[in-house]
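Novice:
In the working numbering, the protein residues as written are 2 to 586.
#1: Mind pulling the beta strand (DSSP E) runs of 3 or more residues that sit fully within the region 386-448?
#2: What residues are listed by DSSP as bridge partners for residue 543?
#3: So for residue 373, helix, strand or coil by DSSP?
#4: Counting only the same chain and skipping the five closest in sequence on each side, list residues whose C-beta sits under 7 Å from that of residue 129.
#5: Thinking just about the alpha-carbon of each residue, which of 453, 421 and 49 is nearest to the one in residue 281?
#6: Measuring alpha carbon to alpha carbon, tell me which of 436, 175 and 263 ends up nearest residue 448.
#7: Quick one: Cα of residue 508 to Cα of residue 485, how far?
#8: If you draw a straight line from the C-alpha of residue 546 to the C-alpha of residue 405, how long is it?
#9: Rounded to whole angstroms, what's the CA-CA distance from residue 383 to residue 360? Just pull it up for me.
#10: Looking at chain E, is there any beta carbon in it that lies within less than 8 Å of the beta carbon of residue 224?
#11: Could you tell me which residues DSSP pairs with residue 23 in its beta bridges?
#12: In terms of alpha-carbon separation, which member of 185, 520 and 408 lies closest to residue 453?
#13: Run the CB neighbour count on residue 16, radius 10 Å, all protein chains shown included, and call it buried at 16 or more, exposed below.
#14: Less than 8 Å between the beta carbons of residue 376 and residue 552, yes or no?
#15: Residue 549 by DSSP, collapsed to three states: which one?
#16: Can you say whether residue 95 is buried or exposed, counting buried as having 16 or more other CB atoms within 10 angstroms of its CB?
#17: Within the same chain, show all residues whose beta-carbon is closer than 8 Å to that of residue 403, passing over the 5 residues directly before and after it, in chain order.
#18: If you draw a straight line from the alpha carbon of residue 399 to that of residue 367, how long is it in whole angstroms?
#19: Hey, quick one: how far does the beta strand (DSSP E) through residue 561 stretch, first residue to last?
#20: For residue 533, report the span of its beta strand (DSSP E) as first-last.
#21: Compare the C-alpha of residue 81 against each of 47, 549 and 33 and name the closest.
#22: For residue 370, tell me which candidate among 341, 397 and 356 has the shortest Cα-Cα distance.
#23: What's the C-alpha gap between residue 329 and residue 22?
#24: Which same chain residues, not among the five before or five after residue 391, have their C-beta less than 8 Å away from its C-beta?
#25: Does the distance between the C-beta of residue 231 and the nearest non-hydrogen atom of the ligand GDP fall short of 7 Å?
#26: Work out the CA separation of residue 565 and residue 550 for me, nearest whole Å.
#27: Go through its chain and collect everything with a Cβ distance to residue 310's Cβ below 7 Å, but skip five positions before and after it.
#28: Buried or exposed, going by whether 16 or more other CB atoms sit within 10 Å of the CB of residue 522?
#29: Whole angstroms is fine: what's the gap from residue 429's alpha carbon to residue 9's?
#30: Rank 182, 524 and 573 by C-alpha distance to the C-alpha of residue 548 and give the top, closest one.
#31: Go ahead and pull the three-state DSSP assignment for residue 124.
#32: If you draw a straight line from the C-alpha of residue 351 to the C-alpha of residue 433, how long is it?
#33: How far does the alpha helix (DSSP H) with residue 224 in it extend, from its first residue to its last?
#34: What first and last residue would you give for the beta strand (DSSP E) that runs through residue 345?
#35: Between which two residues does the beta strand (DSSP E) containing residue 503 stretch?
#36: Taking the beta strand (DSSP E) that residue 362 belongs to, which residues open and close that run?
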């Protein structure tokens, strides 16, 4: 239950609405007392008339009509107040759900790339959706029915004690048994609820990955195997849910049984005491029977409420695991500053925490403002890692990465990333229109600016070929477009941002050489005063750069400009000759 303490700040935030709900609940429960009381009075009046104590039938009829009027009026008031009670508590629960989801999402945004490498998308989605929904049941229905149960129990039992204390004592005998049973079942529910949520996260992850990789599944013809794996996981989820429901199923029958015992005790003990003259009015026994049955729902709901609270505690524990995590990349500077674009690596080494692979070893180089650096090398040589360190997606394990002469961890993180236009090798596009995907780099960009960016990325003609042109809605991850089109839209997104530093991570691997040269020619025109870092496997993309470095297993193998490296007769010269021969042939 300590996990739910995290929600106390939300209760404080909405304290006045909750206090109002509590007051309305108490008032509604007080009005419910009138029905048993006036039914008891009516019983006494009818008995008095049948015993001959009252002979005026019209007087009896008048009193019965009065009692019925009071019962109807108080029941109507109780119903109206109950409506407002539900409005108060349920609305607050939705507001807390909204706040909690936003808080989790903001935390997801803050957490570093290492976090996303260790956790699966399906699990992240489950915690912000299913787990938050379970928590809402605690701050909404569970709290509302808990307050209602508590107030009704206090009000009813207090009146019962004031009316017939001995009979009340016998009536409440089953309650200690109920308390022990609730405690035992609650522990079991909490454990099984945690297991159910974990299984659901795994199922969501499997489903999400299957849908995202449906093209691979179909191309390999493994649909039956995937369906079989899904069926196994679904059966496991079903069994875990059945195990939970089996425990929950004990609650209601147990409550009804104990209430039935209380009714029997009221009839027997109350009848005995009435015969012995210890209870003067038969109406008291009728009242007690009604009070006991009024307590049926509150007592029965204790199990339901307890179940919801235990499930909420299990879900909140899972949420707290992520909320308590600190991002490895923190913003240490609140000073917004203008980035000019100078980049320097000083003896930088970097090891990935999740794989323990050393991607860079003692790397040093400098790119002055407005210059272009090209990075080449074999796959896995550390090229993309350099770009990630410039954007401070990671911090170096050793050495320093400097921007304008300052270490990246001393620069305001928002200022740094706003000044960078990053085009990854694996272009990610959203399920939005093409225009909005380009405008993602600058949400305030006009349609003319979007078109201009697309022209500079050599994708305008392709877009105009679609029926809805720039309003074409892309499929998930941009599946509507070809690989080259996705890369060029991604480039347009970086261009429209007008950044001081542009990072191209082999982002033209899916286009032909002629289109690549066209794009780079336009990029050189619009980024003449920008610092550019280009990762590529093609010499045609690198030869015009001011400085070129060749990486091999995380170390600088060669460096210099195009002419220098041609004369060295090393990796670059061999790659140049090979690609030149391919182009001529």
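Where is the CB? At the ideal position from N, CA and C, for every residue including glycine.
Specialist: For this structure:
#1: 399-404 and 421-424
#2: According to DSSP, residue 543 bridges with nothing at all.
#3: strand
#4: 102, 105 and 106
#5: 49
#6: 436
#7: 9 Å
#8: 20 Å
#9: 5 Å
#10: You won't find chain E in this structure, because it holds only one protein chain.
#11: In DSSP, residue 23 forms no bridge with anything.
#12: 520
#13: exposed
#14: yes
#15: strand
#16: exposed
#17: 343, 344, 345, 346, 347 and 409
#18: 17 Å
#19: 556-561
#20: 532-536
#21: 33
#22: 341
#23: 42 Å
#24: 344, 402, 404, 409, 421, 502, 504 and 534
#25: What this structure holds is no ligand at all, so the ligand GDP is not there to describe.
#26: 11 Å
#27: 139 and 143
#28: exposed
#29: 39 Å
#30: 573
#31: helix
#32: 36 Å
#33: 224-249
#34: 344-352
#35: 502-506
#36: 359-368
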